[in-house]
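Residue numbers (this note's numbering), protein chains in the order written: chain A, 4 to 278; chain B, 4 to 278.
Number of protein chains: 2
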Amino acid sequence: MSDPPKPLAARFCAEPGKPFSLAERDPRGNGIFAAKEETKSATEKDAEAIDALQDRLFAEGKRALLVVLQGIDCSGKDGTVRAVFNRCGPIGVRVQPFRAPSADELAQDYLWRVHKVTPARGYIGIFNRSHYEDVLVARVKAFASAEAIERRYGEINAFEKMLTDNGTRILKFMLHISKDEQAERLRERIEVPEKRWKFNPADLEDRKLWDQFMAAYEAAIERCSTEHAPWHVIPADRNWVRNAIVARIVRETLEEMNPQYPEPRGWDPKSVKVE
Amino acid sequence: MSDPPKPLAARFCAEPGKPFSLAERDPRGNGIFAAKEETKSATEKDAEAIDALQDRLFAEGKRALLVVLQGIDCSGKDGTVRAVFNRCGPIGVRVQPFRAPSADELAQDYLWRVHKVTPARGYIGIFNRSHYEDVLVARVKAFASAEAIERRYGEINAFEKMLTDNGTRILKFMLHISKDEQAERLRERIEVPEKRWKFNPADLEDRKLWDQFMAAYEAAIERCSTEHAPWHVIPADRNWVRNAIVARIVRETLEEMNPQYPEPRGWDPKSVKVE
């Protein structure tokens, strides 16, 4: 990696309390990294470091990391998980997808189903979509009133603050792709037989609402990028750039958390005998 | 791999309805594989194949695979997950550990907490310990009456049959290590600071009950190795032998299941246009 400034998180963060505009964010991320191959191997090293840190987080068992991945269809949420977290494997990492809520879930408040699946201490939990859908698609398609959406920003901030205060570090990533890049990826999903299962004709209806979705993202990021749970806006038109930035920010965060293997409690390594 | 007979599953299976003895099973697995390095790279190739098959299973979304891992402390359950499933990553694979049941879980029947976490269609679910603890530790420590244990074998078979009939393929592995090998691994956990968090002094108490645990395993395997959910007894004194056998059996099973990418439903790849 041609050494971008450290920590990388600050560069892609949406500053809490400040106006936020997506137009100022380049989805290609030009000029951040020099060479593709170098960057890819830096990402692999970061994934290796994340694996080692995750093992310590798991062993420590006192804190969790919640990674929220949001982005329009085809923004690369699954690909990001693969590049950053496959190295860790499934023992201490759980991916939680959020689909359209069920009738039972709709009979509860919108955070109910989310709270049930927040990561336990020791774990890295990855939300593939999240409670943010309740201020994104819910706003664009008017599944909730404008007043309810308005109230939710504050409720989400309070919910995330509670999680943070109770030991869960939160990292939120919006995978930012251009409308042209989405078109190319949708076409690929339609053309390549092994990718067709990921395509849903309804995605084309959502594409027509592109501007409304982007406005909803801008509002959610502006209102919910907080000191305790910052939003990062990741240039995602090129997979290797996206992966490199997310991996580095996750690594930086885990290094800052600095989890420790616990000391033996209630037994003394010097006196215990195996017979 | 110096080509052991295929399918490998048959070689390590406990034959349904037949008497079963652990004494006849060599925990070192001598004579199965020739060279260590070759075997390790065969395992990596199997893990790669499993990753591709898991993607198809996930895309198909109609069936699940449940992998049950049982074994005495230090038998290598986590190591097996890493070697066989890390390649797949956490998107379509979930590891479910079972610890001592909570008060709320004890207030229900013993299969209640298990059923809640069986894998959804499309997923590979891995149980690190399982409902078998309810006929293993529960038998050794008399947490349940002899009559209840006796009844449970049949209940477990019926439960697993129901899962199988509803689309979940079940593979059960007992990781079989020798008492000497356990001693060595326990000593390592005590001596290596980064491994101490895995050690629990209660493990030494369980070790004193070795023979009783082995008798409980023999009964569980004999009574619950069925055509629909066979038990495999894996030589586990050497990690690379253990990993190679489990990876191969998982691969064989997924190949036999032969999941398919689904055909487009409700849309035609030739007429859909992205604008």
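Yeah, the Cβ is synthetic: ideal placement off N, Cα and C, and Gly gets one too.
Taking the C-beta atoms as reference points, B/Asn131 is found no nearer than 9 Å to B/Ala232. For A/Leu189, the chain B residues whose C-beta falls within less than 7 Å of its own C-beta are Val277, listed in chain order. DSSP, read as helix, strand or coil, puts A/Cys77 in coil.
Counting only residues of its own chain and dropping the five nearest sequence neighbours on each side, B/Glu63 has a CB closer than 8 Å to the CB of Gly125, Pro262, Gln263, Tyr264 and Pro265. Taking the Cβ atoms as the reference, B/Ile129 lies roughly 7 Å from B/Val96, within the contact range of under 8 Å. For A/Asn246, the enclosing alpha helix (DSSP H) stretches over residues Asn242 to Met260. Distance check between A/Glu278 and each of B/Met177, B/Leu207 and B/Glu194 places B/Leu207 closest, using alpha-carbon atoms only.
Chain-order list of chain B residues neighbouring A/Glu194: Pro272, by C-beta distance under 9 Å. Only Asp81, Val84, Arg85, Phe88, Asn89, Arg90, Cys91, Gly92, Pro93, Ile94, Gly95, Val96, Arg97, Val98 and Pro100 from the segment 74–100 of chain A bring a Cβ to less than 9 Å from some Cβ of chain B. In the displayed model, B/Ala67 falls within a strand according to three-state DSSP. Taking CB atoms only, B/Lys201 has a neighbour in chain A less than 9 Å away.
Among the residues of chain B, those whose CB is under 9 Å from the CB of A/Leu207 are Val275, Lys276, Val277 and Glu278, following chain order. A/Asn33: not part of any beta strand (DSSP E); DSSP gives it neither H nor E.
Contact residues of the segment 239–270 of chain B toward chain A are Tyr264, Pro265, Glu266, Pro267, Gly269 and Trp270 (C-beta to C-beta distance below 9 Å).
Relative to the Cα of A/Leu212, the nearest Cα in the group A/Ala141, A/Asp81, A/Leu72 and A/Asp29 belongs to A/Ala141. Between the segment 180–198 of chain B and the segment 75–85 of chain B, the count of C-beta pairs closer than 8 Å reaches three or more; the two stretches touch.
Runs of the alpha helix (DSSP H) lying entirely within the segment 113–163 of chain B and spanning at least 4 residues, in chain order: 115–118 and 140–143. Flagged as an interface residue toward chain B: A/Asn131, by a C-beta distance shorter than 9 Å. Residue range Thr171 to His179 is occupied by the beta strand (DSSP E) that includes B/Leu174, with no alpha helix (DSSP H) assigned at that position.
Contact annotation: A/Ile53 and A/Arg245 have beta-carbon atoms that are not nearer than 9 Å. Around the beta-carbon of A/Ser228, 16 or more other beta-carbon atoms lie within 10 Å, marking it buried.
Using a CB distance cut-off of 9 Å, A/Ala67 does not count as an interface residue toward chain B. A straight line joining the alpha-carbon of B/Lys201 with that of B/Ala26 spans about 28 Å. Excluding its 5 nearest sequence neighbours in each direction, B/Cys16 has C-beta neighbours in its own chain below 6 Å: Pro233 and His235, listed in chain order.
Only those residues of the segment 46–68 of chain B whose C-beta falls short of 7 Å from the nearest C-beta of chain A are listed: Ala62. In the same chain as A/His134, and ignoring 5 residues on each side of it, the C-beta atoms closer than 7 Å to its own belong to Tyr113, Leu114, Val117 and Ile159, in chain order. Under the three-state reduction of DSSP, B/Arg90 is assigned to helix. Taking C-alpha positions only, B/Arg199 is separated from A/Val143 by approximately 52 Å.
Neighbours of A/Ala186 in chain B, taken as residues at a C-beta separation under 9 Å, are given in chain order as Val277 and Glu278. A/Trp200 carries a helical assignment under DSSP once its states are collapsed to helix, strand and coil. Distance from the CA of B/Arg102 to the CA of B/Phe146, rounded to the nearest whole angstrom, comes to 15 Å.
Measuring C-alpha to C-alpha distances from A/Met217 to each of A/Asp271, A/Ala50, A/Ile180 and A/Lys48 identifies A/Ile180 as the nearest. Here A/Pro122 is buried, its C-beta having at least 16 other C-beta atoms within 10 Å.
Here the alpha carbon of B/Gly79 sits roughly 46 Å from the alpha carbon of B/Gly269. Annotation for B/Arg188: the continuous alpha helix (DSSP H) segment containing it runs Lys182 to Glu194.
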